[in-house]
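J.: Quick note on our numbering: the sequence shown kicks off at 1 and runs consecutively.
If you scroll down you'll find the structure; I have some questions about it.
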Amino acid sequence: MIRIPLVAGNWKMNGTGDEALSLIDAILPELQEVQDVECVVCPPFTVLYIVSQRLSGSGIHTGAQNMFWEESGAYTGEVSPLMLKQMCKFVILGHSERRAIFGETDDTVNKRVLSALYHGLVPIICVGETLDEREGGMTDEVVQCQVRLALKDVDLKYSDEIIIAYEPVWAIGTGRSATAEGANAVIEGSIRTILKQELGNSISEATRILYGGSVKPDNAREFFIQSEIDGALVGGASLKAQDFVEIIRAARN
Ligand code: PEP
């Protein structure tokens, strides 16, 4: 089964308009020759439109970092799938920072996933265990539960539009990445197994599963050569043009 590698940069809450455009202008020429990796940049909502305009026709996609599930209405401060689909193809959902800081639950992640798929957005669904859960031997249980609940009631007709990002919480923004073999084992043993149970063997085999957590140019290749890792969700390093470009180059088959 050939799965096209995907590398997505999560800028988090970084980037004014000028900063966003200079970052895009620095990565764009470097990525012109990269054909065989799908590249996505996920800037904050405030610059999503200008970034999508700048990237238009380049083959590099944009993604949002979150969205609400309703289409419109009295939801002050929220952004809807109808607004996003005008300017991006992807949306990160269930990031551990959303779960830990903003109280998102498996249930609200599921509502977002169903809404994103319905509106033609590709969700990048983040799952991962905390350090306590890992040390308590609960990694498989936690990750499987997050995947199962995120995909509850998903219509199989959308199954080729789902991306999972395995992001151990203790590895995000800490400089402490999982071992490539360890991440591969969780993806193979937990995530593909639950995808197989929930959505069937062929969907499990076809679904792209990314690793995220302190991926940098010097460790990216180790992750990408693993059989079950199909790319990366990159936080800090996606804010440095050269680092992001090197990670994308490392993802080429
Ligand atoms: C992330 O924000 O999804 C992430 C993986 O961050 P970092 O690469 O900085 O650990």
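Don't be surprised by glycine CBs; every beta carbon is placed ideally from N, CA and C.
Pull up the DSSP beta-bridge partners for residue 168, would you.
T.: In the sequence shown, residue 168 corresponds to position 168, counting from 1. None; residue 168 has no bridge partner.
J.: Less than 7 Å separating the beta-carbons of residue 210 and residue 183?
T.: Taking the sequence shown and counting its residues from 1, the one referred to as residue 210 is at position 210. Taking the sequence shown and counting its residues from 1, the one referred to as residue 183 is at position 183. Against a cut-off of 7 Å, the Cβ pair of residue 183 and residue 210 comes out as no contact.
J.: Residue 34 to residue 74, Cα distance in whole Å?
T.: One-based indexing of the sequence shown puts residue 34 at position 34. One-based indexing of the sequence shown puts residue 74 at position 74. Those two C-alpha atoms are separated by around 43 Å.
J.: Roughly how many angstroms separate the alpha carbons of residue 18 and residue 138, rounded to a whole number?
T.: Residue numbering aside, residue 18 sits at position 18 when the sequence shown is read from its first letter. Residue numbering aside, residue 138 sits at position 138 when the sequence shown is read from its first letter. Computed Cα separation, rounded: 44 Å.
J.: Can you tell which of 25, 65 and 49 has its C-alpha closest to the C-alpha of residue 11?
T.: Taking the sequence shown and counting its residues from 1, the one referred to as residue 11 is at position 11. Comparing Cα-Cα distances from residue 11 to each of 25, 65 and 49, the minimum goes to 65.
J.: Can residue 14 be considered in contact with the ligand PEP, in the sense that its beta carbon sits closer than 6 Å to one or more heavy atoms?
T.: One-based indexing of the sequence shown puts residue 14 at position 14. The answer is no for residue 14.
J.: Sort out for me which residues DSSP pairs residue 93 with in a bridge.
T.: Taking the first residue of the sequence shown as position 1, residue 93 is located at position 93. According to DSSP, which records beta bridges pairwise, residue 93 is partnered with 125.
J.: In this structure, how does DSSP classify residue 149 when only helix, strand and coil are distinguished?
T.: Along the sequence shown, one-based indexing puts residue 149 at 149. Reduced to three states, the DSSP call for residue 149 is helix.
J.: Would you say residue 47 and residue 15 are within 7 Å of each other, going by their C-beta atoms?
T.: Indexing the sequence shown from 1 puts residue 47 at position 47. Indexing the sequence shown from 1 puts residue 15 at position 15. Result yes, Cβ atoms of residue 47 and residue 15 sit closer than 7 Å.
J.: Counting only beta-carbon atoms, is residue 22 nearer than 7 Å to chain E?
T.: As a matter of chain content, chain E is missing from the structure shown, which is built from one protein chain.
J.: Please classify residue 232: does DSSP put it in a helix, a strand, or coil?
T.: What you label residue 232 is simply residue 232 of the sequence shown in a count that begins at 1. It is a strand residue.
J.: Is the beta carbon of residue 93 sitting closer than 7 Å to the one on residue 50?
T.: As a first step, residue 93 is located in the sequence shown; it is residue number 93 there, counting from the start. As a first step, residue 50 is located in the sequence shown; it is residue number 50 there, counting from the start. Going by C-beta atoms, residue 93 is not nearer than 7 Å to residue 50.
J.: Identify which residue in 170, 213 and 143 has its Cα closest to the Cα of residue 189.
T.: Reading the sequence shown from its first residue, position 189 is the one you call residue 189. Comparing Cα positions, the closest option is 143.
J.: Note down, in chain order, each residue of its chain lying with its Cβ closer than 7 Å to the Cβ of residue 213, except the 5 sequence neighbours on either side.
T.: Start at 1 with the first residue of the sequence shown, and residue 213 comes out as number 213. Cβ within range, chain order: 167, 168, 171, 172, 177 and 178.
J.: Going by the DSSP bridge assignment, what does residue 211 pair with across the sheet?
T.: On the sequence shown, position 211 is the one that residue 211 refers to. In the DSSP output, where bridge partners are listed per residue, residue 211 has 166 and 232.
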